[in-house]
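Below is one structure; the comments refer to it alone.
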Amino acid sequence: MQPDQTQYNIALNAGFSASNMMLSVGFITNYEQYIGAVNNYNAKYYYVGEAVEHSCLGNANLKHRLYHPNELYEIGTYIHATRPGSYFVSDGYKRCYHLDVLSYYVDILMYSSYINWYQPFIAIPCNPNMNWGPPMENAFVEGSSDQRSSWSVMKSRYGNKFRQSWINTSELTEFGSLFGHATNLGLSEVWIYGFKQENGQPTPHYNTQWENISNSGWFYGWLRKFVQDVKITWRCTYSNPCACDPSDPDDGWYIYNIQPTGSIREIFP
-16 MQPDQTQYNI ALNAGFSASN MMLSVGFITN YEQYIGAVNN YNAKYYYVGE
34 AVEHSCLGNA NLKHRLYHPN ELYEIGTYIH ATRPGSYFVS DGYKRCYHLD
84 VLSYYVDILM YSSYINWYQP FIAIPCNPNM NWGPPMENAF VEGSSDQRSS
134 WSVMKSRYGN KFRQSWINTS ELTEFGSLFG HATNLGLSEV WIYGFKQENG
184 QPTPHYNTQW ENISNSGWFY GWLRKFVQDV KITWRCTYSN PCACDPSDPD
234 DGWYIYNIQP TGSIREIFP
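The sequence shown begins at -16 in my numbering and counts up one residue at a time.
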């Protein structure tokens, strides 16, 4: 989809620079719209999601377009000519040999599944019926529910092109192991991907979940952590303050004032 100007401006105003941004330039129809996106939005990374993912019938995945190698070459060349120093990024999850072809045209290739795709007995060798790439294919590594082995295979197979990957915000019990494995593999960036559940509720939507992500990233060296001592003053909303239960912060209490009492300092694991 076309980058959103409002969201782009919000990011800039919040202090992010173009070097912090990845923008989608993948379009299901009229793929040449990437030209306007690259021209109008400066970014470090330009992303086409799952550019070669397909079914055994050669169909593109839902909400994606199946790109031909000539189109991938065209996009990468345009990005490099128009935005020197920027990178062409894509990803995939089947670990089939069409991913090898994709790796030739992109600067960075990420793994886009949040499990180790290809559970045993689910995928079988098939003819994708495409006019490029191998005539028969299968995933080149079997899987489990843990995507770390897929990360390892991607790193071994694609080297420095696999230097970034995704972590899904719904993986509440896996943040530590995934950040740790990213460190072990020497990845340079990790992108946190949040999505909406079927009921439209963003994931995560609890502060404790974001705290879990942040603490895991900090523990493995992906984030820095700063703290400051503060004095918090609470007040009771009732006319008789004795009516507020001192053991229950939800019983009529509200935060009246937060006053810093010390300097900001960095802490380390």
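C-beta: ideal position from N, C-alpha, C; glycine also.
- Give the straight-line distance between the Cα atoms of SER246 and GLU194, rounded to the nearest whole angstrom. 22 Å
- Message: Please classify ASP212 as buried or exposed, where buried requires at least 16 other C-beta atoms within 10 Å of its C-beta.
- Response: exposed
- Item | Straight-line gap, TYR61 to ILE18 (C-alpha atoms, nearest Å) | One C-alpha to the other measures close to 8 Å.
- Task: Go through its chain and collect everything with a Cβ distance to ARG146's Cβ below 8 Å, but skip five positions before and after it.
- Result: ILE91, GLY169, LEU170, SER171, GLU172
- Task: Let me know the beta strand (DSSP E) ranges lying completely inside the stretch 141 to 212, each 3 residues or longer, listed in chain order.
- Result: 147 to 151, 172 to 176, 208 to 210
- What three-state label does DSSP hand ASP83 in the structure shown? helix
- Rounded to whole angstroms, what's the CA-CA distance from ILE105 to SER153? Just pull it up for me. Note that ILE105 scores a pLDDT of 46, beneath 50, so its modelled location is shaky and nothing firm can be said.
- Message: Considering only heavy atoms of the ligand SAM, does any lie closer than 7 Å to the CB of SER0?
- Response: The ligand SAM is not among the ligands present in this structure, which contains no ligands whatsoever.
- For my contact list, LYS257 and SER69 are in at a C-beta cut-off of 8 Å; report their separation, rounded to the angstrom. The first residue shown for the chain is -16 and the last is 252, placing residue 257 beyond what the model contains.
- Item | Pick from SER135, TRP236, ALA34 that is closest to CYS219, judged by C-alpha positions | TRP236
- Message: I need the boundaries of the beta strand (DSSP E) containing LEU92, first residue and last residue.
- Response: DSSP places LEU92 inside the beta strand (DSSP E), whose first and last residues are 91 to 94.
- Message: Below 8 Å on the Cβ atoms is my contact criterion, and I expect VAL84 with GLY59 to pass it. Report the Cβ-Cβ distance as a whole number of Å.
- Response: Taking the Cβ atoms as the reference, VAL84 lies roughly 13 Å from GLY59, outside the contact range of under 8 Å.
- Item | Contact under 8 Å by Cβ, LEU6 with ALA34 | no
- Query: Using the rule of at least 16 other Cβ atoms within 10 Å of the residue's Cβ for burial, across every protein chain shown, is PHE71 buried or exposed?
  - Reply: buried
- Using alpha carbons as the reference points, say which of ALA1, ASP74, HIS164 lies closest to SER203. Before going on, a small fix: residue 203 reads as Tyr here, not Ser. Across the set ALA1, ASP74, HIS164, the C-alpha of HIS164 shows the shortest separation from the C-alpha of TYR203.
- Cβ-based neighbour list, LYS214, same chain, cut-off 7 Å, excluding 5 preceding and 5 following: GLN242, THR244
- Message: Here's the rule: buried if 16 or more other CB atoms are within 10 angstroms of the residue's CB, otherwise exposed. What is PHE251?
- Response: exposed
- Alpha carbon to alpha carbon, how far is GLY159 from TYR97? Each residue's Cα considered, the two are about 14 Å apart.
- Task: Please check the pair TYR30 and SER2, which I expect to be a contact at CB under 8 Å, by giving their CB distance rounded to whole angstroms.
- Result: The beta-carbon distance between TYR30 and SER2, rounded to whole angstroms, is 15 Å. This is too long to meet the 8 Å contact definition.
- Of all the alpha helix (DSSP H) runs that stay within the bounds of the stretch 14 to 79, which reach a length of 4 or more residues? 17 to 23, 52 to 65
- Task: Could you tell me if ILE150 is buried or exposed, where buried requires 16 or more neighbouring beta carbons within 10 angstroms of its beta carbon?
- Result: buried
- Query: DSSP on THR(-11), reduced to helix/strand/coil?
  - Reply: helix
- Task: Check the DSSP bridge columns for ASP225 and list the partner residues they point to.
- Result: First, the residue type needs correcting, since residue 225 is Cys and not Asp in the sequence shown. None, per the DSSP bridge assignment.
- Query: When burial is assigned at 16 or more other CB atoms within 10 Å of the CB, is ASP233 buried or exposed?
  - Reply: So ASP233 ends up on the exposed side.
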